[in-house]
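Asks: The structure follows.
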Amino acid sequence: MSVFRRKARAITPEPVHSPRMTDDAEDILETGRNRLVVVGAVFALAFVLVGVRLVDLAVWQGPGTSLASLDHEQRSSAGRVDIVDRNGVILATNLTTASLFAEPRRVLDAKYAAARIVTALPELDRLVVEKKLSGKRAFVWLKRHLTPKQKYDVNALGIPGVGFREDQKRVYPHGGLVAHVLGYTGVDNEGLAGIEKQYDDRLSALTSPASAAVGNDPLRLSVDVRVQFALHQELSRSVEEFSALGAAGIVLDAISGEVLAMVSLPDFDPNQANIASGNAKFNRASLGVYEMGSTFKTFTTAMALDAGTVKIGGGYDATKPLRVARFTISDDHPKKRWLSVPEIFIYSSNIGAAKMAIDVGAKGQRDFLGSLGLLQKASLELPEVGTPMIPSPWREISTMTVAFGHGIAVSPMQLTSATAALVNGGFRVDPTLLARQPMATPQGPRVMKARTSSVMKRLMRLNVADGTGKKAGAAGYLVGGKTGTAEKAGVGGYRRKALLSSFIGAFPMNDPRYVVLAVIDEPKGKKETFGYATGGWTAAPVFSRVVSRIGPIMGVAPVDEESKSVRNAMFIRVKAGG
Amino acid sequence: MRRSLSVAAIILTALMSYGLYNMKYEVRRLEVQLDRQQQVLATERQAVQVLRAEWAYLNRPDRLQRLSVRHLELQPVEVTQLTDMQELPVRPEGPRQKAALLSSTEKRRTQ
Numbered sequence: 000m001s002v003f004r005r006k007a008r009a010i011t012p013e014p015v016h017s018p019r020m021t022d023d024a025e026d027i028l029e030t031g032r033n034r035l036v037v038v039g040a041v042f043a044l045a046f047v048l049v050g051v052r053l054v055d056l057a058v059w060q061g062p063g064t065s066l067a068s069l070d071h072e073q074r075s076s077a078g079r080v081d082i083v084d085r086n087g088v089i090l091a092t093n094l095t096t097a098s099l100f101a102e103p104r105r106v107l108d109a110k111y112a113a114a115r116i117v118t119a120l121p122e123l124d125r126l127v128v129e130k131k132l133s134g135k136r137a138f139v140w141l142k143r144h145l146t147p148k149q150k151y152d153v154n155a156l157g158i159p160g161v162g163f164r165e166d167q168k169r170v171y172p173h174g175g176l177v178a179h180v181l182g183y184t185g186v187d188n189e190g191l192a193g194i195e196k197q198y199d200d201r202l203s204a205l206t207s208p209a210s211a212a213v214g215n216d217p218l219r220l221s222v223d224v225r226v227q228f229a230l231h232q233e234l235s236r237s238v239e240e241f242s243a244l245g246a247a248g249i250v251l252d253a254i255s256g257e258v259l260a261m262v263s264l265p266d267f268d269p270n271q272a273n274i275a276s277g278n279a280k281f282n283r284a285s286l287g288v289y290e291m292g293s294t295f296k297t298f299t300t301a302m303a304l305d306a307g308t309v310k311i312g313g314g315y316d317a318t319k320p321l322r323v324a325r326f327t328i329s330d331d332h333p334k335k336r337w338l339s340v341p342e343i344f345i346y347s348s349n350i351g352a353a354k355m356a357i358d359v360g361a362k363g364q365r366d367f368l369g370s371l372g373l374l375q376k377a378s379l380e381l382p383e384v385g386t387p388m389i390p391s392p393w394r395e396i397s398t399m400t401v402a403f404g405h406g407i408a409v410s411p412m413q414l415t416s417a418t419a420a421l422v423n424g425g426f427r428v429d430p431t432l433l434a435r436q437p438m439a440t441p442q443g444p445r446v447m448k449a450r451t452s453s454v455m456k457r458l459m460r461l462n463v464a465d466g467t468g469k470k471a472g473a474a475g476y477l478v479g480g481k482t483g484t485a486e487k488a489g490v491g492g493y494r495r496k497a498l499l500s501s502f503i504g505a506f507p508m509n510d511p512r513y514v515v516l517a518v519i520d521e522p523k524g525k526k527e528t529f530g531y532a533t534g535g536w537t538a539a540p541v542f543s544r545v546v547s548r549i550g551p552i553m554g555v556a557p558v559d560e561e562s563k564s565v566r567n568a569m570f571i572r573v574k575a576g577g
Numbered sequence: 000m001r002r003s004l005s006v007a008a009i010i011l012t013a014l015m016s017y018g019l020y021n022m023k024y025e026v027r028r029l030e031v032q033l034d035r036q037q038q039v040l041a042t043e044r045q046a047v048q049v050l051r052a053e054w055a056y057l058n059r060p061d062r063l064q065r066l067s068v069r070h071l072e073l074q075p076v077e078v079t080q081l082t083d084m085q086e087l088p089v090r091p092e093g094p095r096q097k098a099a100l101l102s103s104t105e106k107r108r109t110q
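Line by line, the protein sequences are chains A and B.
0 is the number of the first residue of the first sequence in numbering that gives the first Met the number 0; add one for each residue after it.
0 is the number of the first residue of the second sequence in numbering that gives the first Met the number 0; add one for each residue after it.
What follows is the structure in structure tokens.
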């Protein structure tokens, strides 16, 4: 009931007043019109904005970034940065090769396909290929880095389901020449040793074109291929001549610390590093640590002179062998008399060197050798850097044996850089394999008096002119240096026949620029050397030949060794008061 | 008036459509060309790379030494072959120098 009544009321029309109605309509129309205008204006403004933006993009900002500059070849240049020597000669670069892959699912007849592929690539094993082709995998490598001829042959077979993919292969045009500096890379171009491993991030940064501006610059090393070649050839010759186990050699810039050449023999071809033996890969120049023998007497002499415990005119009695505890220190070429400091140096007297070191003391010795960098790892940019073996505890007997290079094992690289400090005026040298800006004076901290360095230069010159290093002489280049012959430690003591013969020296001695080290591992004496295999007979000639060869290359002006000015500059009084 | 406006608008639209169409095809053509050029560039770069590697390979010091020994009569420079400018002896007086000297003294005399 109530529902009906309400409905009836709802349909009852309201009373109508027409004038009021027209007023309302006009108001509504007016509002509507106003709203339309506003909306229209907003839209118009939006269109104008879009139009302006279009003109802006097309005309004003028009030729901003051109399409041509967007490099489309990102994908293909995912390679590795080149490595060059100090003169820009390429030492390592990439070649694009083709790698053969197969999609086993699309291979129709695996047995037939394998038989055909082996005819083109005889080095592959037929059964292995057949197994790979009949597998369920979507993708499988058959062989990486094919030569163009091999690629052509495989293509000519026309086997379905087999294809090529562009690949980058690291190549070393110089083969084994710079092997131990460069190291080598794996099959996917990842650095596994040497500079390739040390600078793997920097070298593999070629992928993005954004970093191309800096990343594509080749890595420039301090090595000079010509010097490296001279050193390599002369060392190889010596290894062959004396049937040695191996050899190591370094040429170092005495001022900047740049390594101009670093050779370790036997070496390997980094293009085929996977077939090289561990012995060939071992870097004797920087990773191997050896008891260097008499070459350490240069440091002992410099230390004693610098500390002032003995004057250059002073000396020690070397009449009798020195007995300490159960050890006896004797000389190889005993003079059995009092020896002056220059005589101790040129006759390589163990007794004299030991006595010099005792006067300086163990602490002074440690400090001095440490300041030269002989007690810490060399700063070289290689993963293969050897940690020196130093006496611990450092007893009095250690002080005496270290004085002539036994009981302490350092890498040839450390020996070279420490010697550089002796001849460059007394500044510490940190060796580097990267090219540095040319410098006039050494940048390292001073480690000894300039006067000590000057005396050491004369002593080293004297040793080549009149001492054990005569065979190191190189006409015109005023060389100086020290021989070293160390017996290698074996089981239960030293082996008398297993020698490590070395020569370290510098040239030109009036203003040394280059330090050269030659180490021969276990040379065998022969008739021409009267059975001797010591440093003076084996390593010194290598030094001489290397200096004669690299002197002209490096632009060192030869001097007349007999001229008055040179003789005066190199003069040193050998016998006290004599 | 309104009709002519409409006609103008239609003609404008037609023209612009045609222009856009043309432009689009031009761009596509250029892109194809660009792609092709870049492929050529990549091939050339690869060739350069191969040549550079080969150059380094052919210039190995040991190979150069072998070739030099076989084909050239060059030998390493001896120290005795090098000298300083100051060490050079003074050039002996030649006839030309004498003549020049004479003429200059004569000139002085005439002055």
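Don't be surprised by glycine CBs; every beta carbon is placed ideally from N, CA and C.
Who pairs with VAL514 (chain A) in a beta bridge, going by DSSP?
Replies: Answer is A:LEU251, A:ALA505, bridged to VAL514 (chain A).
Asks: What's the C-alpha gap between GLY87 (chain A) and LEU220 (chain A)?
Replies: Taking the straight line from one Cα to the other gives about 9 Å.
Asks: Of all the CB atoms in chain A, is at least one closer than 9 Å to the CB of VAL68 (chain B)?
Replies: VAL68 (chain B) does not count as touching chain A.
Asks: Between the segment 409-418 of chain A and the segment 365-373 of chain A, do three or more beta carbon pairs fall short of 8 Å?
Replies: Enough Cβ pairs lie closer than 8 Å, so yes.
Asks: Pull up the distance between the alpha-carbon of LEU381 (chain A) and that of LEU29 (chain B), whole angstroms please.
Replies: Answer to the nearest angstrom: the Cα atoms are 49 Å apart.
Asks: Would MET388 (chain A) be called buried (16 or more neighbouring beta carbons within 10 Å of its own) or exposed?
Replies: Looking at its Cβ environment, which holds fewer than 16 other Cβ atoms inside 10 Å, MET388 (chain A) is exposed.
Asks: Taking any Cβ of chain B, which residues in the segment 287-320 of chain A have a Cβ under 9 Å from it, in chain order?
Replies: Answer set for the segment 287-320 of chain A: empty.
Asks: Run through DSSP, which three-state label would GLU72 (chain A) get?
Replies: Residue confidence for GLU72 (chain A) is low, a pLDDT of 45 falling below 50, so the modelled location carries little weight; the figure read from the coordinates is stated next. If DSSP states are grouped into helix, strand and coil, GLU72 (chain A) belongs with coil.
Asks: So that I know if they touch, is there some Cβ in chain A lying closer than 9 Å to that of GLU25 (chain B)?
Replies: Not an interface residue.
Asks: Alpha carbon to alpha carbon, how far is ALA352 (chain A) from LEU338 (chain A)?
Replies: About 11 Å.
Asks: Which of the three DSSP states, helix, strand or coil, is assigned to MET261 (chain A)?
Replies: Correct three-state label for MET261 (chain A): strand.
Asks: Assign ARG79 (chain A) to one of two classes, buried (16 or more other C-beta atoms within 10 Å of its C-beta) or exposed (fewer than that).
Replies: Under this definition ARG79 (chain A) is a buried residue.
Asks: Let me know if ALA209 (chain A) comes out buried or exposed under the rule of 16 or more other beta-carbons within 10 Å of its beta-carbon.
Replies: Only weak support is given to the placement of ALA209 (chain A): the predicted model assigns it a pLDDT of 42, under 50, and the value that follows is read from those uncertain coordinates. By the 10 Å Cβ count, ALA209 (chain A) comes out exposed.
Asks: May I ask which residues mark the beginning and end of the alpha helix (DSSP H) holding LYS110 (chain A)?
Replies: Per DSSP, LYS110 (chain A) belongs to the alpha helix (DSSP H) from 109-119.
Asks: With H, G and I counted as helix, E and B as strand and the rest as coil, what does DSSP make of MET291 (chain A)?
Replies: In the structure shown, MET291 (chain A) sits in coil (DSSP, three-state: anything other than H, G, I, E or B).
Asks: Taking C-beta to C-beta, are SER500 (chain A) and THR533 (chain A) nearer than 9 Å?
Replies: Yes, the pair counts as a contact, with Cβ atoms nearer than the cut-off.
Asks: Does the distance from the C-beta atom of GLU122 (chain A) to that of GLY162 (chain A) stay below 9 Å?
Replies: Against a cut-off of 9 Å, the Cβ pair of GLY162 (chain A) and GLU122 (chain A) comes out as no contact.
Asks: Output, in sequence order along the chain, the residues in the segment 42-58 of chain B whose CB is closer than 9 Å to any CB in chain A.
Replies: Those would be ARG44, GLN45, GLN48, VAL49, ARG51, ALA52, GLU53, TRP54, ALA55, TYR56, LEU57, ASN58, in chain order.
Asks: Quick one, are the C-beta atoms of LEU304 (chain A) and LYS354 (chain A) less than 9 Å apart?
Replies: In this structure, LYS354 (chain A) does not lie closer than 9 Å to LEU304 (chain A) by Cβ.
Asks: Is there at least one Cβ from chain B nearer than 9 Å to VAL186 (chain A)'s Cβ?
Replies: Chain B contact via Cβ: absent.
Asks: So, at 7 Å on beta carbons, what are the nonlocal neighbours of PHE138 (chain A) in its own chain, with the 5 sequence-adjacent residues on each side left out?
Replies: Closer than 7 Å at the Cβ level, and outside the excluded window around PHE138 (chain A), lie PHE100, GLU102.
Asks: Do you know how far the Cα of LYS481 (chain A) is from the Cα of PHE326 (chain A)?
Replies: Straight-line Cα distance between these residues: approximately 25 Å.
Asks: Using the beta-carbon of each residue, which ones in chain A are nearer than 7 Å to LEU19 (chain B)?
Replies: Under the 7 Å cutoff, chain A gives no residues; its nearest Cβ is about 12 Å from LEU19 (chain B).
Asks: Measuring only between beta-carbons, confirm whether LEU81 (chain B) sits less than 9 Å from chain A.
Replies: Closer than 9 Å to some Cβ of chain A, the Cβ of LEU81 (chain B) qualifies, so yes.
Asks: Buried or exposed: which applies to VAL213 (chain A), given that a residue is buried once 16 or more other Cβ atoms fall within 10 Å of its Cβ?
Replies: For VAL213 (chain A), the pLDDT reaches just 46, beneath the cut-off of 50, and the residue's location in the model is therefore unreliable, although a value from the coordinates is still provided. Looking at its Cβ environment, which holds fewer than 16 other Cβ atoms inside 10 Å, VAL213 (chain A) is exposed.
Asks: Step through the CB atoms of chain B and report whether any lies within less than 9 Å of the CB of GLY214 (chain A).
Replies: Bear in mind that a pLDDT of 48 at GLY214 (chain A), under 50, signals an unreliable position, so the model cannot answer this.
Asks: Is DSSP giving TRP337 (chain A) helix, strand or coil here?
Replies: If DSSP states are grouped into helix, strand and coil, TRP337 (chain A) belongs with the strands.
Asks: Excluding the 5 residues preceding and the 5 following TYR578 (chain A) in the sequence, name in chain order all residues of the same chain whose CB lies nearer than 6 Å to its CB.
Replies: Nothing about residue 578 (chain A) can be read from this structure; chain A reaches only from 0 to 577.
Asks: Measure the Cβ-Cβ separation of ALA306 (chain A) and PHE367 (chain A) and say whether it is below 9 Å.
Replies: Yes, these two residues count as a Cβ contact at 9 Å.
Asks: Mind checking the segment 88-100 of chain A against chain B and listing, in chain order, the residues whose C-beta falls within less than 9 Å of any C-beta there?
Replies: Listed in sequence order: VAL88, ILE89, LEU90, THR92, ASN93, LEU94, THR95.
Asks: Just how far apart, CA to CA, sit TYR111 (chain A) and GLU165 (chain A)?
Replies: If I take the Cα positions, the gap works out to 26 Å.
Asks: Using a Cβ cut-off of 9 Å (strictly closer), state whether VAL58 (chain A) contacts chain B.
Replies: For VAL58 (chain A), the answer is no, since every Cβ of chain B falls outside 9 Å of its Cβ.
Asks: Using a threshold of 9 Å, state whether the C-beta atoms of ASP223 (chain A) and ALA246 (chain A) are closer than that.
Replies: Cβ distance not < 9 Å, so ASP223 (chain A) and ALA246 (chain A) don't count as in contact.
Asks: For LEU4 (chain B), is the classification buried or exposed, using 16 other Cβ atoms within 10 angstroms of its Cβ as the cut-off for buried?
Replies: Result: exposed.
Asks: Out of curiosity, what's the CA-to-CA distance linking MET0 (chain A) and THR30 (chain A)?
Replies: Any reading at MET0 (chain A) must be qualified, since the residue scores a pLDDT of 44, below 50, and its modelled position is unreliable; the value itself is stated next. Whole-angstrom Cα-Cα distance: 44 Å.
Asks: Taking 9 Å as the threshold (beta carbon to beta carbon), is ALA556 (chain A) in contact with chain B?
Replies: Judged by the 9 Å Cβ criterion, ALA556 (chain A) is in contact with chain B.
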